[in-house]
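Quick notes on the structure that follows.
Numbering (the working numbering), first residue to last: 194 to 473.
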């Protein structure tokens with residue numbers, strides 16, 4: 194299914210749970226409030242998860258522990274699962290669940306990722322569900338969410354319906370307007386017919402998102418570097434939730450083709466909702 198197949202009826206899609214993986218570092222704990230906020234908005238459980246990659250007991254299932262000195266001194270229940278890698282352990286608890294995964298990520302550049310790897314990237318390669326990522330510049334917003342910005346490639350031939358439904362679910366839960374943002378490359382190779390096709394696709398997508406008479410605004414900007422242009426647009430607006438798809442290319446492929454999603458995650462202070470394109 195593509196976004197054009199959506200109807201104007203109310204989207205019933207929500208989430209069954211919010212999952213927050215932590216490695217007990219301050220970086221991983223910094224999104225606890227974001228995960229809690231999402232769980233409250235959707236009225237679903239929030240599960241804090243730790244993957245023990247050093248345990249020899251890989252077949253013992255999951256256990257629970259209570260952290261007595263969590264963020265702000267509070268007590269936090271943490272589910273512990275043993276797995277060979279953090280990504281494996283996280284995905285094992287997401288299977289068969291309509292989960293929203295909230296994660297903090299270092300936003301490695303490609304060179305660093307080739308050496309150290311990335312848990313968020315490992316999950317993206319194994320799971321097609323929604324991930325709300327907080328990059329290295331993420332800041333807890335002092336204001337409520339004010340908008341959802343859905344970033345679309347004007348050349349897209351069919352964005353997965355799932356991301357559009359996620360955006361509508363977020364907009365409904367937080368009572369937010371939606372902005373559809375497209376970076377239009379008006380370079381010398383752009384001809385009239387291709388621009389017309391792009392505009393028709395974007396307008397169709399915007400119309401499909403306008404369920405329940407929700408405010409949906411199409412924003413078209415001219416640019417040649419989508420990651421940078423999206424970042425500049427988002428950073429000029431406080432209280433923003435960003436959403437976009439990713440190909441989840443391996444590091445070497447990103448050297449050749451780049452990654453708009455990772456460029457945005459690495460530089461924005463807002464949380465970024467990503468879904469990978471389905472495998473065809």
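No residue lacks a Cβ here, since even glycine has one placed at the ideal position from N, Cα and C.
Limits of the unbroken alpha helix (DSSP H) element including residue 280 | 279-287
Any idea what DSSP makes of residue 272, helix, strand or coil?
-> strand
Starting from the C-beta of residue 278, find all residues in its chain whose C-beta is less than 7 Å away, skip the five residues before and the five after it, and write them out in chain order.
-> 246 and 315
For residue 228 versus residue 239, is the C-beta spacing smaller than 7 Å?
-> yes
Please say whether residue 313 and residue 296 have beta carbons closer to each other than 7 Å?
-> yes
Answer yes or no: do residue 374 and residue 344 have a C-beta to C-beta separation smaller than 7 Å?
-> yes
Going straight from the alpha carbon of residue 392 to that of residue 378, what length do you get?
-> 12 Å
What are the boundary residues of the beta strand (DSSP E) that residue 245 is part of?
-> 239-245
Hey, which unbroken runs of the alpha helix (DSSP H) at 4 residues or more fall wholly within the segment 293-371?
-> 303-309, 312-317 and 354-367
Backbone CA spacing between residue 466 and residue 385 [nearest angstrom] = 33 Å
Contiguous beta strand (DSSP E) assignments of at least 3 residues, all confined to the segment 395-470 = 409-415, 433-439 and 465-469
Taking only heavy atoms of the ligand ZN into account, decide whether any of them is closer than 6 Å to the Cβ of residue 281.
-> Ligands displayed in this structure: none; no statement on the ligand ZN is therefore possible.
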